[in-house]
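Take a look at the structure below.
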């Protein structure tokens, strides 16, 4: 949990190998999003969808 370089507050959940797999964020405009990542960190699903 923390704040990234864009000013977003984030929470990341990692798999058993330490790879981030789920990321939840609230951006600088207070808009929330959730991203699901594959084993190399690419976004495979996003809420809300673009």
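Numbering (this note's numbering), first residue to last: 19 to 68.
Backbone N, C-alpha and C define an ideal beta-carbon position, used for all residues, glycine too.
In this structure, the beta-carbon distance from residue 38 to residue 59 falls below 9 angstroms.
For residue 19, there is no enclosing beta strand (DSSP E), as DSSP marks it with neither H nor E. Spanning the alpha carbons of residue 46 and residue 40 requires a straight line of approximately 20 angstroms. Out of 36, 53, 68, the CA that lies nearest to the CA of residue 43 is found in 53. Residue 35 places its beta carbon less than 9 angstroms from that of residue 57.
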